[in-house]
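Here is the structure we will look at, set down as structure tokens.
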Amino acid sequence: MSKKILILSGDGIGPEIVSEAVNVLQAVDCSFGLDLELEDGLLGGAALDVHGEPCPQITLDQARSAEAILLGAVGGPKWDAAERQLRPERGLLKIRSELQLFGNLRPALLYPQLADASSLKPEVVAGLDILIVRELTGGIYFGEPRGIRTLDNGEREGFNTYRYSESEVRRIGHLAFDAARKRNGRVCSVDKANVLEATVLWREVMDELAPQYPDVELSHMYVDNAAMQLVMRPKQFDVIVTGNMFGDILSDAAAMLTGSIGMLPSASLDKDGRGMYEPCHGSAPDIAGQDKANPLATILSVAMMLRYTLAAPQAAEAIETAVSRVLDSGLRTADIASEGMRVVGTREMGAAVLAAL
Ligand code: NAI
Ligand code: MG
């Protein structure tokens, strides 16, 4: 039976970059006999315009019956005035939580061809290859109660709740340990157990899981130190596992060690390994519709889809190798351009990857 893949192009540069990634997906579908069935859907501003909400029921229904989702990005100035519940970004939060996509995998990989793009010294980042595993559907971003209230003395107070259940920690822990097994066998769990009780439990549960993975080395680090270590000695890390908020911040910092937001893919997985795949960047309204966006983050997200959901690691490698060859050949989109390289647009970059495939 064919496997359904839902394509959510989204807003801004979304349609441009997704179109290139879909070409790549269709090419490997053919050459590796994957039997995929692609279906289009709406999310974010695109869905708001048609259905009046950023994540309508029809999109959720399509998503639930799909094996995997490829997403561009959502949002843009056109919808910025919308009330909070109707902003495109709400659609993203909704689809993640409705599908229980709790496991966010964000690799920070420095391509040797782009070593000069990093803000850090080459010797600090050369060969950098980190995977950040961020819990995505719990923690302080979703904890209740939350809100803004007026105290008895008339002063307003904002509050959120940092909360993680044992089972939530366990499932993200398993994901991180399993990922480390396929990589370099090290997990660093990041918390703030010296201050936050919720993360004391987080640390305990990680320790409880460790004996099931004798081949993986577990260490713990406080988040403030982790931030420091990431910019000081980033190569000490293999897999970093952490909660929603710490992961949000650390994964953006780690991403920038590679110097190029246009190169970074991501996966968000549910408990059965189905998932949503998307570039780490946003909808880049400043360059939308100009054939300037780098499609490689989205193309590399397709590679992650093949590896983590579709069990086609060879197809994933073929795409990653093709991307590497194109970089070797000196082609660059504007965001990763450097001296002596040939600057190309979105379509030409996509076509080059296809040709290299
Ligand atoms: P952004 O990531 O869209 O853009 C930041 C900068 O990076 C811009 O200068 C942009 O041109 C550049 N950039 C981003 N992707 C690029 C690519 N593939 N190739 C070349 N350059 C690229 O972040 P920003 O500007 O903060 O947000 C713009 C919109 O995107 C907002 O509406 C925001 O809410 C939304 N957003 C959506 C996300 C998602 O859908 N996952 C994530 C982050 C932001
Ligand atoms: Mg973020």
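Under UniProt numbering, the first residue of the sequence shown carries the number 1, and numbering increases by one thereafter.
Beta carbons: idealized from backbone N, C-alpha and C, even for Gly.
Owing to the predicted nature of the structure, the values given are computational and were not obtained by experimental measurement.
Excluding the 5 residues flanking it on each side, valine 28 has same chain C-beta neighbours closer than 6 Å at Ala315, in chain order. Annotation: the continuous alpha helix (DSSP H) that includes aspartate 328 extends over 313-328. Looking at the backbone, the Cα of lysine 292 and that of isoleucine 13 are separated by about 9 Å. Set against 6 Å, the gap from the CB of glycine 345 to the closest heavy atom of the ligand NAI is not smaller. The beta carbon of isoleucine 287 sits closer than 6 Å to at least one heavy atom of the ligand NAI. Under the criterion of beta carbons closer than 8 Å, serine 167 and cysteine 188 do not qualify as touching, at roughly 22 Å. Annotation for leucine 300: Pro265 place their beta carbon closer than 6 Å to its own, counting only its chain and skipping 5 residues before and after.
Per DSSP, isoleucine 249 is not a residue of any beta strand (DSSP E); the alpha helix (DSSP H) it occupies stretches across 244-257. Sequence-distant partners of leucine 327 (beyond 5 residues in either direction) whose C-beta falls short of 8 Å from its own C-beta, in its chain, are Tyr111, Gln113 and Leu114. Every unbroken stretch of the beta strand (DSSP E) spanning 3 or more residues and falling wholly within the region 30-93 is given here in chain order: 36-41 and 68-73. Between the region 139-152 and the region 210-217, the count of C-beta pairs closer than 8 Å stays below three; the two stretches do not touch. Distance from the C-beta of isoleucine 132 to the nearest heavy atom of the ligand NAI is not below 6 Å. Exclusion of the five residues before and after leucine 38 leaves Ile5 and Ile7 as the residues of its chain whose Cβ lies within less than 6 Å of its Cβ. Valine 343 is bridged by DSSP to Arg332.
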